[in-house]
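K.L.:
Questions regarding the structure given below will be posed in turn.
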Amino acid sequence: MRARRRRRIFSVAGVLTAAGGWFLLTGLWGMEAPVETPNFVSQAAEELHQPPQSVESCPVVRQTPSSEATSGETSVNTKLVDDDAQKVQDTDSALPAAASGPVLQAAPEGYFSDALFIGDSRTQGLELYGGIDEATYYTSTGLMVNTALVKTVVTLDGEQLSIPDALDRQTFGKIYIMLGVNELGWKSQDRFIEYYGQLIDTVREKQPDAVIYIQTIIPVTRQKSESDETYNNTRIALFNSCIDKVVEDRDVVLLDVGAALRDADGFLPEGSTFDGVHLNQEYCRKWADFLRANTAAE
């Protein structure tokens, strides 16, 4: 394995122009609502004291953004939110701090031909609508940093494989990881840091020459954030600060994808999602444009 110094980046990008207009969802959000967490990971879920459902196992609104109302959701637990806000304040920043690292540049033609994306249903949206069609995707609805190490989510030559096993069979030059939204209900941030670190270390062991990009958790809309005691921007900021700890002393590039997506108040804009969490086509393309504009020199 070639030696490489640790690299961390906090990138800020302006709002990128993309084709607008609402469209009828197909594919990812046209499917049936995801089911509860599989039984084989229930032990880990119990250990971490997470809620019985993740954000991706809840019913998804499949209509226009005007149908995002969450009148049936549980009222906000103000003590939980206040405690989380204090934790975020104690970290000095809601997002990873700026750090020295490689100068990011626009991706040359063919850059993503040897790229792999690992993630949950948000990354499935990127695959469907982002236009980075030449890349490979290891994704699964409800995927988390612990289940990513054991869950069979990849099919190669008709065989179902876990991500670590699949990485033994394929070679990539760049690996993009975005996880964390389904873990927002975990009460132990230390376990999140531990599992995420194990995942990165496993990917590095399997792919020693790849550039590993860790993407921060994208925020949610104001309506979602203010009506949900778990899936809100205060929790997202807290877990993003955990990601900042995960990447310390690890040879990865940290990308703040939310910089290209959030509004002036830190929320996903109205009209950017269909359920407050998952990006529509226009904003998946903004996400992809951000990745194209921010790549580390090879």
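Numbering of the sequence shown is given in full-length UniProt numbering, commencing with residue 1 and proceeding in unit increments. Where is the CB? At the ideal position from N, CA and C, for every residue including glycine.
1. If we count the other Cβ atoms within 10 Å of its Cβ and call it buried at 16 or more, is Gly158 buried or exposed?
2. Could you tell me how far apart the beta carbons of Phe267 and Pro208 are, in whole angstroms, since I believe they sit closer than 8 Å?
3. Report all residues from its chain with a CB closer than 7 Å to the CB of Ile217; omit the five preceding and five following residues, and keep chain order.
4. Give the C-beta separation of Gly125 and Leu291 to the nearest angstrom, bearing in mind that I take them to be a contact with Cβ-Cβ under 8 Å.
5. On the criterion of 16 or more Cβ atoms from any shown chain inside 10 Å, does Thr171 qualify as buried, or is it exposed?
6. Enumerate in chain order the residues of its own chain whose CB-to-CB distance from Gly258 is below 7 Å, with the five nearest sequence positions on each side excluded.
7. Return the residue from the list Ala264, Asp249, Asp244 that minimises the CA-CA distance to Leu255.
8. Under 6 Å Cβ to Cβ from Leu143, same chain only, skipping five residues before and after it: list those, please.
9. Considering Cα atoms alone, identify which of Ala166, Thr230, Pro269, Ile132 is closest to Ser113.
10. At the level of alpha carbons, what is the spacing between Phe192 and Gln105?
11. Which class does Glu68 belong to by DSSP, given the choice of helix, strand or coil?
12. So what does DSSP say about Ala106, is it helix, strand or coil?
13. Can you give me the start and stop residues for the beta strand (DSSP E) that Thr155 sits inside?
P.N.:
In short, the structure shows the following:
1. exposed
2. The pair is not a contact, with the Cβ atoms about 39 Å apart (cut-off 8 Å).
3. Gly180, Val181, Ile236, Phe239, Asn240
4. Gly125 to Leu291, Cβ: 14 Å. No contact.
5. exposed
6. Thr216, Ile218, Pro219
7. Asp244
8. Asp120
9. Ile132
10. 31 Å
11. Confidence is the limiting factor: at Glu68 the pLDDT is only 32, short of 50, which leaves the residue's position unreliable and the question unanswerable from this model.
12. coil
13. 152–156
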